[in-house]
Structure formats: structure tokens, C-alpha cells
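In my numbering, the protein residues as written are 1407 to 1805. Working notes, beginning with the structure itself.
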Amino acid sequence: MGFWGGKESDISNEDSNQSSTTNETSLLKLKAEKTIADDLNISAEISWNENDFADLSFEGIVEDINASIQLEKQIYPDTYTQNEQQIYQTENNLKKKVEELAWKEEEKQIDFIEGYLNLIRTTEEVNLAEKRVQLATEELERVQQQIRLGEGGYQQEAEAKIALMESENQFFNLKQNLVQQQKEWYLELNLPEDIQVQFKEEPAYLDTLRSNMNQLTLEGEKQEALFKKALEKHYKIKIGYIDKEGILKEAEWTENEGKPQINIYGGYDLSDDYWYTMLDLSWNLTDGGAHKLKEEEAEATILQKEKELDQLIKTLQLEMNQIIDQDQYNQLNLQAKLAALEEEQYTKNIFEKQYQEKIISSTQWQNQLIALAEEELKVKEAQDILLVNRLRLAHFLGI
1407 MGFWGGKESD ISNEDSNQSS TTNETSLLKL KAEKTIADDL NISAEISWNE NDFADLSFEG
1467 IVEDINASIQ LEKQIYPDTY TQNEQQIYQT ENNLKKKVEE LAWKEEEKQI DFIEGYLNLI
1527 RTTEEVNLAE KRVQLATEEL ERVQQQIRLG EGGYQQEAEA KIALMESENQ FFNLKQNLVQ
1587 QQKEWYLELN LPEDIQVQFK EEPAYLDTLR SNMNQLTLEG EKQEALFKKA LEKHYKIKIG
1647 YIDKEGILKE AEWTENEGKP QINIYGGYDL SDDYWYTMLD LSWNLTDGGA HKLKEEEAEA
1707 TILQKEKELD QLIKTLQLEM NQIIDQDQYN QLNLQAKLAA LEEEQYTKNI FEKQYQEKII
1767 SSTQWQNQLI ALAEEELKVK EAQDILLVNR LRLAHFLGI
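Right, here's the structure in full:
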């Protein structure tokens, strides 16, 4: 049916065209419509008199055919069509999701590092606790041997048994905690249980991260300037402004709905052989105030979104202050742990001399070495806390 410019595919397309055959009195009609653009429609119509089919001759049917073609376009107001609105909203939703996913991805990376470091330190704690159990067992055996030789008392045995039970309880608790942390870590990463990860040494990239974060300094930086930069990159702010832009656009669409609508038509009638154009003006003047109510609702939505953005900015300001305050505390905490380690190293030197001079027992000397290792572990934990918080601070500031 290439009856207008040979574009048969436009007429027969089931997805975008509508065609119908009707029998009204003595006319047989065939009509097709197609949307060329969101605000431009084209339609064509062919009709015959039923009597023309009496002789069933092709020449007779073609000679008496009535055909017309028409274009229609909205020229005012210049607004988005329904399809364009849906595309706009979909694109905005996609932008928001991309911003959120990018932010969450970095958060997950920091969470991964934090979890991995916690597992390393807990593993070290378990190893130290196991050594405590071994030493407590050896001490109890030594006391019992002294009792058999008549050189010890049952009070010493009771104290040794209590020390052993306490060390065993601590060892059991730490082991259970380690198993639970590992399960949660595996679950978070969606790793099968048959995969074994050795939580012993820090990967090389963590050394690089520590070096970079140790160079991070906020001294001399004004918090107002830092916060302004952070707002430009924070995903919640970006999403908030995307939402606000969308609300403003919807308000514009609502406003346009109340404006008069002007369409221009143009076409050609084959039977009468003439071209025509015309303007169509339509305006709903009696909607009972429904449109004004929609505009007021749109304005209220805009004001509400602005309030939400203001509240979000204040919340993020508090969040940044908390992270910075936490960083200052973590630095002080690390200094305290280093001071405690230095004191423990001094004590260890004293115990070493006493052990060499056989003033203290091997068990006492080993306990002192474990105490020193525990202080070293506390320093590592303080360094880990400082690192993770600084990673979160750098992420927040968009550094």
C-alpha cells in the first residue's frame, strides 16, 4: 500500500501505527497514523465507495479512490512530550544510581580493608592467647611437681589452676570471635567456605595506603573550604540536586499544562487536489481550579526539597566534624600506645637481665615477652584504626 511516497513500511508497522477498516453507510475506509517525532504526527486515509467494487476492476477502484495525508505538530507551549518526560526521569534515575554506586564502591573497599585488618589482629591475639595457655599449663605442672617434692603448697596450685582456666577461657573466646569474623567476612565477599584465606601478613598495597594516609594533614586547612569541596563531590548532594532539578522540570511541565495549546496542521487531499494548513487553539478555562492546585503542590514540593537539602548539608557538616575529631583522637591514642610500648620494652630489658642472672623463671620471662607482644599488637591496632578513619576522611573529602 505505498500510496504516499512509497513508504509502505510506515503504514504496516504494528508497533507504531494504528489501522482500521470500517463500513460506514456506503464508504470503505483505511486509515493509518504514525508518530514521526514526539511532537509530530502523520496520518493518511484512503476511502472507496462500496459500489466501486461491483465490477472488481483495478482501474475502476483506483480511479474512484479518495485519499488524503496530514501532518500535525504542536508549536506552543514548547514542552516535553510524555515520552520525553519518561526518558528525562529515567536518565535522572540512572545518574543518581551511578553516583550512589560509585560512592558505595569506595565505601566497600574501605570496609574490606577494615575487616581484613581486624582479622589479622584477631589472629595475632589468638596466637598470643594460645601461648598464654601453654605457659599457664607449664606453670601448673611446675607447681604440682614442687608439691610432689614437698616444696610447694596447695595455695600455689589453686592459683595456677585459676590462671590456666582464665587463659583457656580467653583463648576460647578469641577463637570463637575469630571464627565469627571470618564467616562474616566471607559472607560479605560472597566467598565459598572451601576457600582458605591466610590472614597473616599485610599486602603490599596496604603499606602504600599507610604511607599516603600518614602524609594526609589538615593543618592550616580551613574546615569551611574543606567542606565546600566535599559537598561538590558527595553523592548525596549530587543526588539531591538531581532530584531538585527534576522537581523544577516537573513544575515547568505542570505550568505548561495550564497554557493554551496551539497545533499546526498541514495536508493534501488527493480527490480534490488541494493543499491546506490551519492552526488549532485549545484552552481549558473551566477546570474547577484543579490546575492551580497542582501548581501549588509543585511549589510546595520545591520548597520541601530545598529544606531537605539544607538539612542534608548540616548533617554532612556534623559528619565531617566527627571524622576530623576522631582523627585527632586516634592520633592521641596512637601516641599513648607507643608510650606504653616503650615502657614495656624498658621492663622487658630489666626482665631479660634478671632471667640471664636466673633471678626469674623461664615462665616469667616468657610471660614478659608475651606482654611485650601484646603491647606491640595494641600499637598495630591503633595504627589500623587511624588508617581506616583517614581513608573514610579522604573519601568524604573527595581526595
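C-beta: ideal position from N, C-alpha, C; glycine also.
Of the candidates Phe-1577, Asn-1736, Val-1785, Tyr-1611, Asn-1736 places its Cα closest to the Cα of Asn-1795. Beta-bridge pairing by DSSP links Met-1684 to Tyr-1671. Lys-1711 places its beta carbon 8 Å or farther from that of Ile-1776. The Cβ atoms of Ile-1516 and Leu-1740 do not sit closer than 8 Å to each other.
In the structure shown, the three-state DSSP call for Lys-1650 is helix. At a Cβ-Cβ threshold of 8 Å, Lys-1501 and Ile-1648 count as neighbours. Cβ contact annotation for Glu-1531 (same chain, cutoff 7 Å, sequence separation greater than five): Leu-1580, Leu-1783, in chain order.
Taking 8 Å as the cut-off, the Cβ atoms of Ile-1668 and Tyr-1482 count as close. For Tyr-1560, the closest C-alpha among the options Gln-1491, Val-1549, Leu-1436 is that of Val-1549.
Burial state of Ile-1452 is buried, judged by a 10 Å Cβ sphere holding 16 or more other Cβ atoms. In the three-state scheme derived from DSSP, where H, G and I count as helix and E and B as strand, Gln-1480 is classed as strand. Nearest Cα to Met-1571 within the set Glu-1594, Ile-1553, Leu-1541: Leu-1541.
Glu-1513 carries a helical assignment under DSSP once its states are collapsed to helix, strand and coil. Within the region 1566-1590, no run of beta strand (DSSP E) at least 3 residues long lies entirely inside it. Check the Cα spacing between Ile-1568 and each of Asn-1583, Gly-1558, Thr-1543: the tightest is with Thr-1543. In this structure, the CA atom of Leu-1597 is about 21 Å from the CA atom of Leu-1612.
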